[in-house]
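Heads up: the sequence shown begins at 1 in UniProt numbering, then just goes up one per residue.
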Amino acid sequence: MRRPWHSRAMTQATRDDQVPSPCIRLCTLDEQEVCVGCYRTLGDIRVWRDLDPAGRLAVLDAADRRRAAAAGTGISGPAPAVAPGRLTSRG
């Protein structure tokens, strides 16, 4: 499956240690509080700005699994939100 937003994120992360948001401005949550546009959970969206690049890439991977599951590709269940400890310090 081709994932242009994910590929851009990987290239961007390699270039300057940043990962752009996958938001496509279709911000509507389903009954599981998952955005139907970018497939991030509400929790993922809330912490996005505080995540380090590795944490953001983990969110993108989880969103990709949710997108595949929604498309009926046989991947079961929603992917978990970001693993604890992926937040960067603002201090």
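Even glycine gets a Cβ: it sits at the ideal position worked out from N, Cα and C.
Same chain only: Cβ atoms within 7 Å of residue i, ignoring 5 sequence neighbours per side
| i | result |
| --- | --- |
| Leu-26 | Val-36 and Gly-37 |
Pair within 9 Å by beta-carbon distance, residue i and residue j
| i | j | result |
| --- | --- | --- |
| Ala-63 | Tyr-39 | yes |
| Glu-31 | Leu-42 | no |
Residue from the options whose Cα sits closest to the Cα of residue i
| i | options | result |
| --- | --- | --- |
| Ser-21 | Ala-68, Asp-61 and Ala-69 | Asp-61 |
| Ile-45 | Cys-23, Gly-72, Asp-52 and Val-19 | Cys-23 |
Own chain, CB closer than 6 Å to residue i, minus 5 neighbours either side, in chain order
| i | result |
| --- | --- |
| residue 148 | Any answer about residue 148 is impossible in this case: the structure gives the chain only from 1 up to 91. |
Residue i (DSSP reduced to helix, strand or coil)
| i | result |
| --- | --- |
| Val-34 | strand |
| Leu-51 | strand |
| Leu-57 | helix |
| Gly-43 | helix |
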